[in-house]
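**Student:** Anchor point for the sequence shown: position 115 equals 114 in numbering that gives the first Met the number 0, and the numbering is continuous, going up by one each time.
In this text, a Cβ means the ideal position worked out from N, Cα and C, and glycines have one as well.
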Amino acid sequence: MRKPLETILEGNSKSKNGLFRIATLQGEYIIVTDRHKVAEYVKAPDTILNSQDGANDQQQIPLTMGYGVGHRTYHNPVVRGPVTKNIEPKTQIMLDEAMDAITTYIGSPSDYTEISLYDAIALTVARISNRYFIGPEFCRNEEYLKNAADYAQAVVISAEILRLFPSWFKPLLVKFLPVMKYRRKGYEFLKDFIQERLDGKLDENGNRPDDLVQWLIDAAPPIEKNVPMLSERVMALNVAAIHTTTMTFTAALYTLAAEPEKYLEPLRQEVFDNLNNGKLTYQTIQNLHKMDSFLRESARFNNAGLMSLQRNARKEFRFADGTVIPAGSRLGAPGVLLQNDAEVYDKPEEFDGFRFCGPAYAGRKDQTAVATSTNLFLFGHGRHPCPGRYLAVHEMKLMFSTLLLKYDFKLADGTAPGPWFLGTMVIPDTTLKVLFKAREV
């Protein structure tokens with residue numbers, strides 16, 4: 000689409016039943032703008048409307064990340080299980096890594112200094128995630144981190160390129176895209192580490208290791224229990240951890256930096272009020288309700304893409320009103336409309352950082368940053384919400400708290416955090432610089 004946003008808005012204005020078709024270079028899509036119909040189709044079984052087929056199509060996963068990653072998704076129960084269950088016991092190591100990484104990439108400037116925020120956040124997220132996933136051996140290796148961050152970005156860009164070409168040509172083309180270089184390099188970093196684990200290496204205390212690689216080995220089917228495929232899986236989970244978290248958190252910080260006088264002190268005071276003997280803890284993070292609201296509102300306001308919740312129709316699907324989606328169709332929902340629905344949100348065109356901790360939302364778990372709905376679906380919705388959303392939001396709050404305690408920050412005069420569109424995705428301006436100054440503590 001040459002003008003993707005205009006195309007979506009025009010299609011919606013002409014639609015009579017909350018459905019319309021758009022033609023793109025990647026083929027035809029059915030856009031669903033009625034939230035009740037969205038609620039219907041995301042509940043459909045995978046035998047009819049398949050979400051993994053949709054993800055494979057959007058992100059070209061079998062090509063960009065590996066066939067097994069796209070078709071043998073045993074990593075999802077691992078993320079829902081041990082990855083999520085270990086957030087609390089591993090919070091302190093993530094906090095330590097966040098503090099060290101942020102100090103490394105932003106420093107301690109005595110006066111307001113321009114920082115390339117996207118780059119700093121991408122590397123910080125890579126460090127925290129890899130400290131959590133596989134430990135200090137990799138999370139402080141700058142070459143490994145840069146490759147992981149570059150790979151995450153290359154997957155997104157390569158997918159958009161690959162979707163322009165016919166299926167028969169894609170396996171040839173992908174060999175010449177940078178994504179393969181980063182994947183091969185990731186394998187070189189990880190191969191010896193993974194082989195030792197396959198050989199049964201114990202940790203320094205003589206126990207079985209308790210980290211992502213071991214969890215994947217324990218869960219992997221026999222065909223996946225080898226170094227190349229486990230390496231692909233670790234790299235793929237790095238993409239999932241780095242890309243969405245970096246994009247979402249960067250957009251949130253841009254929004255805060257645009258209005259520091261309104262939000263900086265209330266958010267900072269909330270962190271101070273919940274410190275435990277002057278320290279950040281797991282419980283501190285759990286109690287940051289204003290911050291949670293700010294992140295959710297930023298996701299609503301800044302991450303409203305043109306087509307999310309993609310499903311590919313393996314069989315004919317019929318809505319309650321009789322509308323039929325033919326087999327072979329691809330359908331999705333536009334956040335740019337549904338996350339700005341005036342029937343759901345008061346003044347949706349305005350950013351209200353504390354919208355979700357106000358009287359109408361207080362205490363509602365379905366309105367937290369990890370919650371999904373037909374009107375806010377950064378992390379998907381329906382049968383298959385993102386299993387990593389609990390870790391992603393926890394990491395964002397860790398970083399947010401650390402930044403609030405250490406720095407004042409704002410946008411330079413005359414700059415604004417406008418979004419970019421990459422295909423059907425909306426992303427923050429990755430070139431925008433933010434002014435940071437270390438606080439006197």
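With C-beta atoms as the reference, is Thr254 less than 8 Å away from Asn301?
**Tutor:** Yes, these two residues count as a Cβ contact at 8 Å.
**Student:** Where do the N-terminal and C-terminal ends of the alpha helix (DSSP H) with Glu113 fall, by residue?
**Tutor:** Glu113 -> not in any alpha helix (DSSP H); beta strand (DSSP E) instead, spanning 112–115.
**Student:** Label Thr373 either buried or exposed according to how many other C-beta atoms from any shown protein chain fall within 10 Å of its C-beta, with 16 as the threshold for buried.
**Tutor:** Label assigned to Thr373: buried.
**Student:** Pair every Cβ in the segment 189–204 with every Cβ in the segment 217–234, then say whether three or more of these pairs are closer than 8 Å.
**Tutor:** Verdict: yes, contact present.
**Student:** Apply the 10 Å Cβ neighbour rule to Phe175 and answer buried if 16 or more other Cβ atoms are within range, or exposed otherwise.
**Tutor:** Classification for Phe175: exposed.
**Student:** Is the beta carbon of Tyr143 sitting closer than 8 Å to the one on Phe137?
**Tutor:** Yes; because the gap between Cβ atoms is below 8 Å, this pair is in contact.
**Student:** Which residue marks the beginning of the alpha helix (DSSP H) containing Asp272, and which one marks its end?
**Tutor:** It spans 259–272 - the alpha helix (DSSP H) in which Asp272 sits, taken as one unbroken run.
**Student:** Using a Cβ distance threshold of 8 Å, determine whether the segment 325–334 contacts the segment 346–356, with at least three qualifying pairs required.
**Tutor:** With the cut-off at 8 Å, the segment 325–334 and the segment 346–356 do not touch.
**Student:** Please state if the CB of Ala148 and the CB of Ala119 are separated by a distance shorter than 8 Å.
**Tutor:** No; because the gap between Cβ atoms is not below 8 Å, this pair is not in contact.
**Student:** What ranges does the alpha helix (DSSP H) occupy inside the segment 302–379, keeping only unbroken runs of at least 4 residues that lie completely in it?
**Tutor:** Whole alpha helix (DSSP H) segments, 4+ residues: 334–337.
**Student:** For Ala257 versus Pro427, is the C-beta spacing smaller than 8 Å?
**Tutor:** No; because the gap between Cβ atoms is not below 8 Å, this pair is not in contact.
**Student:** Which one or two residues does DSSP pair with Trp419 in a beta bridge?
**Tutor:** Bridge partners of Trp419: Ile426.
**Student:** Do Leu215 and Val77 count as a contact pair if the criterion is CB distance below 8 Å?
**Tutor:** Yes; because the gap between Cβ atoms is below 8 Å, this pair is in contact.
**Student:** Which class does Gly53 belong to by DSSP, given the choice of helix, strand or coil?
**Tutor:** DSSP places Gly53 in helix when its eight states are reduced to three.
**Student:** For the beta strand (DSSP E) holding Glu27, just list the boundary residues, first then last.
**Tutor:** Counting along the chain, the beta strand (DSSP E) containing Glu27 begins and ends at 26–31.
**Student:** What is the rounded straight-line gap between the Cα of Ser411 and the Cα of Ala437?
**Tutor:** In the sequence on display, residue 411 carries Ala and not Ser. Taking the straight line joining both Cα atoms gives about 16 Å.
**Student:** Beta-carbon within less than 7 Å of Gln25's beta-carbon, same chain only, minus the 5 sequence neighbours each way: which residues are those?
**Tutor:** The answer, listed in chain order, is Arg162, Leu163.
**Student:** At a cut of 8 Å, does the segment 267–279 reach the segment 292–312 through at least three beta carbon pairs?
**Tutor:** Touching, no.
**Student:** Should Gln59 and Ala158 be called a contact, given that it needs their Cβ atoms to be closer than 8 Å?
**Tutor:** Going by C-beta atoms, Gln59 is nearer than 8 Å to Ala158.
**Student:** Going by beta-carbon coordinates alone, are Met93 and Leu397 separated by less than 8 Å?
**Tutor:** In contact: Met93 and Leu397 (Cβ atoms closer than 8 Å).
**Student:** Would you kindly work out how many angstroms separate the C-alpha atoms of Thr243 and Cys385, rounded to a whole number?
**Tutor:** Cα to Cα, the separation comes out at about 11 Å.
**Student:** Which of helix, strand or coil does DSSP assign to Ile133?
**Tutor:** Coil at Ile133, not helix or strand.
**Student:** Taking Gln194 as the reference, which of Gly413, Gln213, Lys180, Thr429 has the closest Cα?
**Tutor:** The shortest C-alpha separation from Gln194 is found at Gln213.
**Student:** Closest by CA to Gly69, which one among Leu236, Ala341, Arg299?
**Tutor:** Closest by alpha carbon: Leu236.
**Student:** Whole angstroms are fine: how far does the CA of Ile222 sit from the CA of Lys145?
**Tutor:** C-alpha separation (whole angstroms): 30 Å.
**Student:** Could you please give me the residues that DSSP links to Lys278 through a beta bridge?
**Tutor:** In the DSSP output, where bridge partners are listed per residue, Lys278 has Asn275.
**Student:** With DSSP as the reference, please indicate the residues paired to Ile21 in a beta bridge.
**Tutor:** For Ile21, which the question treats as bridged, DSSP gives the partners Tyr28.
**Student:** Candidates Glu141, Ile30, Gly199, Glu349: which alpha carbon is nearest Gly185's?
**Tutor:** Taking only the C-alpha atoms, the option nearest Gly185 is Glu141.
**Student:** If distances are taken between C-alpha atoms only, which option among Tyr406, Met424, Thr429, Thr414 comes closest to Pro108?
**Tutor:** Cα-wise, what sits closest to Pro108 is Tyr406.
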